[in-house]
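Peer 1: First to last, the protein sequences are chains A and B.
Per the numbering used here: the first sequence ends with 246, consecutive numbering throughout.
Per the numbering used here: the second sequence ends with 359, consecutive numbering throughout.
The C-beta atom is built at its ideal place from N, Cα and C for all residues, glycine as well.
Would you mind keeping the following structure in view while I ask a few things?
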Amino acid sequence: MRFARRDSGRAAGEGPTSSVGIGLRDGVPIALAVIPFGAIVGVGAVQAGLGKLQAIVVPYIVYAGASQLVAYQLVRVATPVLVILVTTTMINLRFTMYSAALARYLEDVPRLWRAVLAFFMTDQGFVLAVHRFESERPPARRGVYLFASWLPIFVSWTGSAVAGVLLGATVPPSWHLDFAVPLVFLSLLATALGDRPRLLAAVVAGTAAVVLAGLPLNLGMLLGSLLGIAAGTVLGRAALAGEGRP
Amino acid sequence: MSALPFWLMAGGMALAAFAFRASFLLLGERIGLPPLLRRALDYVPAAVLAALVLPVFVDLHAAWSAEDSARLAAGAAAFVVASRTRSVPATLVVGMGALWLLQWLVVGVGPGG
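Next comes the structure, spelled out in structure tokens:
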């Protein structure tokens, strides 16, 4: 799958089926790529002592793998539920930023559908959407596009989690399948570095997060993100000012 | 995990996650963002992904092992492939392949990380 720099040569007045087609073309490869991630989350739940039914329900209602993995680790060491909730809230705060970034593209989508779409928002889905909406030929129907690209990812990821719950004990640890999770995020990061300010944002955020990794409640990740966003914004403004634009 | 703590945890996480995801999508029209914040949003993906990913590869708080070097090298190779090909499957293949190869070399050659 390519994060295409150019769409096929469709006219601007394309119909809804094209938005579905583009959505599927973008989303299905990601759906396949997140299978190891889902499976690891499923296995992690069982290893933390959750019952099979519990382990299956969580991915469907929370649908936030990074926070689930952390929650499972905390459950293993008998952390109080309140602490788990505060920690996972910090981790999932980044979804507010994604929500704010996507809002401008979805103003024409009816509010109810926006709420439904919101449920399926993920890191991968967000990067995909922004990339596609900013491309040279964005889909005509953005809401339709998002359903077409985000739903396969949901089905694949949650299905893989179920598989992980039911089959997890059988996968050998020497396969290091857990490494697939950062690899997916790494590939998304590479596609998000479109210009120098974004590169700076990533370098600052990553460095800060590494240095601050000792902070509790995943604050290192949050602070690192904020610092990176600030750095990118500053450099971006300087670049625009240099070109004589406000 | 017993029922009440489990549902408090799972339910709380589910509600918070959805609230964050829906927040600006539902409220966005009523809360106009100043231009500076709008521009800042452009840098969210790059910053957040980097802040999520880099600590996985570089852990300053634990002793460095050969296994960590293998992961870092495999991650670097995967990053190069990702930048060039923009392909998620290719990145996975190269990254996992490099890791397995390096792990095999490390286990085969070194004292075992």
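Measuring only the C-alpha atoms, how far is residue 20 of chain A from residue 129 of chain A?
Peer 2: By one-based count along the first sequence, residue 20 of chain A stands at place 20. By one-based count along the first sequence, residue 129 of chain A stands at place 129. Answer to the nearest angstrom: the Cα atoms are 13 Å apart.
Peer 1: Could you tell me whether the Cβ of residue 87 of chain A comes closer than 8 Å to any Cβ of chain B?
Peer 2: Residue numbering aside, residue 87 of chain A sits at position 87 when the first sequence is read from its first letter. Not one chain B Cβ lies under 8 Å of residue 87 of chain A.
Peer 1: Which of the three DSSP states is assigned to residue 277 of chain B in this structure?
Peer 2: Here the question's residue 277 of chain B lines up with position 31 in the second sequence. It is coil, neither helix nor strand.
Peer 1: When you compare only the Cα positions, how much space is there between residue 85 of chain A and residue 91 of chain A?
Peer 2: Residue mapping note: residue 85 of chain A aligns to position 85 of the first sequence, counting from 1. Residue mapping note: residue 91 of chain A aligns to position 91 of the first sequence, counting from 1. Looking at the two C-alpha atoms, the distance is approximately 10 Å.
Peer 1: Under a three-way DSSP split, which group does residue 72 of chain A fall into?
Peer 2: Numbered from its first residue, the first sequence carries residue 72 of chain A at position 72. Of the three classes helix, strand and coil, the one that applies to residue 72 of chain A here is helix, per DSSP.
Peer 1: So with CB distances below 9 Å, who are the chain A contacts of residue 305 of chain B?
Peer 2: For the purposes of this step, residue 305 of chain B is taken as the residue at position 59 of the second sequence. 210, 213, listed in chain order.
Peer 1: Between the stretch 122-152 of chain A and chain B, which residues of the former have a C-beta closer than 8 Å to a C-beta of the latter?
Peer 2: The stretch 122-152 of chain A vs chain B, Cβ under 8 Å: 123, 126, 127, 130.
Peer 1: When the distance is taken between beta carbons, is residue 298 of chain B closer than 8 Å to residue 221 of chain A?
Peer 2: Within the first sequence, numbered from 1, the residue matching residue 221 of chain A stands at position 221. Within the second sequence, numbered from 1, the residue matching residue 298 of chain B stands at position 52. Yes, the Cβ-Cβ distance between residue 221 of chain A and residue 298 of chain B is below 8 Å.
Peer 1: Just to confirm before moving on: does the CB-CB distance between residue 181 of chain A and residue 29 of chain A stay below 8 Å?
Peer 2: Numbered from its first residue, the first sequence carries residue 181 of chain A at position 181. Numbered from its first residue, the first sequence carries residue 29 of chain A at position 29. No, the pair does not count as a contact, with Cβ atoms beyond the cut-off.
Peer 1: Measuring only from the beta carbon, is residue 84 of chain A closer than 7 Å to any heavy atom that is part of the ligand ADP?
Peer 2: You won't find the ligand ADP in this model; it holds no ligand whatsoever.
Peer 1: Looking at the unbroken alpha helix (DSSP H) that takes in residue 157 of chain A, where does it start and where does it end?
Peer 2: In the first sequence, counting from the first residue as 1, residue 157 of chain A sits at position 157. Residue 157 of chain A -> alpha helix (DSSP H) spans 142-167.
Peer 1: What did DSSP end up calling residue 220 of chain A once you bin it into helix, strand or coil?
Peer 2: As a position in the first sequence, residue 220 of chain A is number 220, starting the count at 1. DSSP places residue 220 of chain A in helix when its eight states are reduced to three.
Peer 1: Check the Cβ of residue 84 of chain A against every Cβ in chain B and list those closer than 7 Å, keeping chain order.
Peer 2: Within the first sequence, the letter at position 84 stands for residue 84 of chain A. In chain order: 255.
Peer 1: Beta carbons nearer than 7 Å to chain B: which residues of the stretch 168-192 of chain A have them?
Peer 2: Taking 7 Å as the Cβ-Cβ cut-off against chain B, the residues of the stretch 168-192 of chain A that qualify are 176, 179, 180, 182, 183, 184, 185, 186, 187, 188, 189, 190, 191, 192.
Peer 1: Can you have a look at residue 355 of chain B and say buried or exposed, based on whether 16 or more other CB atoms are within 10 angstroms of its CB?
Peer 2: Sequence index remark: in the second sequence, residue 355 of chain B carries index 109 (1-based). Its pLDDT being 46, under 50, residue 355 of chain B is placed unreliably by the model, and the measurement read from it follows with that caveat. With fewer than 16 other Cβ atoms within 10 Å, it is exposed.
Peer 1: Out of A:40, A:132, A:57, A:51, point me to the one whose CA is closest to residue 70 of chain A's CA.
Peer 2: Start at 1 with the first residue of the first sequence, and residue 70 of chain A comes out as number 70. Cα-wise, what sits closest to residue 70 of chain A is A:40.
Peer 1: On a CA-only basis, which of A:149, A:160, A:110, A:195 is nearest residue 56 of chain A? Give me that one, please.
Peer 2: By one-based count along the first sequence, residue 56 of chain A stands at place 56. Residue 56 of chain A has its Cα closest to that of A:160, out of A:149, A:160, A:110, A:195.
Peer 1: Can you give me the Cβ contacts of residue 345 of chain B inside the same chain, cut-off strictly under 8 Å, excluding the 5 residues immediately before and after it?
Peer 2: The residue given as residue 345 of chain B occupies position 99 in the second sequence. For residue 345 of chain B, where only same-chain residues beyond five positions count, the Cβ hits under 8 Å are 316, 317, 320.
Peer 1: Using three-state DSSP, classify residue 131 of chain A as helix, strand or coil.
Peer 2: Position 131 of the first sequence, counted from the start, is the residue given in the question as residue 131 of chain A. In this structure, residue 131 of chain A counts as helix in the three-state DSSP scheme.
Peer 1: Exposed or buried, what is residue 197 of chain A when buried is set at 16 or more other beta-carbons lying within 10 Å of its beta-carbon?
Peer 2: Within the first sequence, the letter at position 197 stands for residue 197 of chain A. With 16 or more Cβ atoms within 10 Å of its Cβ, residue 197 of chain A is classed as buried.
Peer 1: Starting from residue 224 of chain A, find everything on chain B with Cβ-Cβ shorter than 7 Å and list it in chain order.
Peer 2: Start at 1 with the first residue of the first sequence, and residue 224 of chain A comes out as number 224. Going along chain B in sequence order, the residues near residue 224 of chain A (Cβ under 7 Å) are 297.
Peer 1: I want to know whether the stretch 321-333 of chain B touches the stretch 181-190 of chain A - three or more CB-CB distances under 8 Å.
Peer 2: Yes, since at least three Cβ pairs between the stretch 321-333 of chain B and the stretch 181-190 of chain A fall closer than 8 Å, the two stretches touch.
Peer 1: Just to confirm my understanding: we take residue 75 of chain A, look at its own chain, exclude 5 residues before and 5 after, and list those with CB closer than 6 Å. What are they?
Peer 2: Along the first sequence, read from residue 1 onward, the residue named residue 75 of chain A stands at position 75. Cβ within range, chain order: 48.
Peer 1: Hey, is the stretch 287-306 of chain B in contact with the stretch 110-122 of chain A, meaning 3+ C-beta pairs nearer than 8 Å?
Peer 2: Cβ pair count under 8 Å is below three, so no.
Peer 1: Can you tell me where the alpha helix (DSSP H) holding residue 42 of chain A begins and where it ends?
Peer 2: Within the first sequence, numbered from 1, the residue matching residue 42 of chain A stands at position 42. Its alpha helix (DSSP H) spans residues 35-47.
Peer 1: List the residues of chain B that residue 67 of chain A touches, going by C-beta distances under 8 Å, in chain order.
Peer 2: In the first sequence, residue 67 of chain A corresponds to position 67, counting from 1. 259, 263, listed in chain order.
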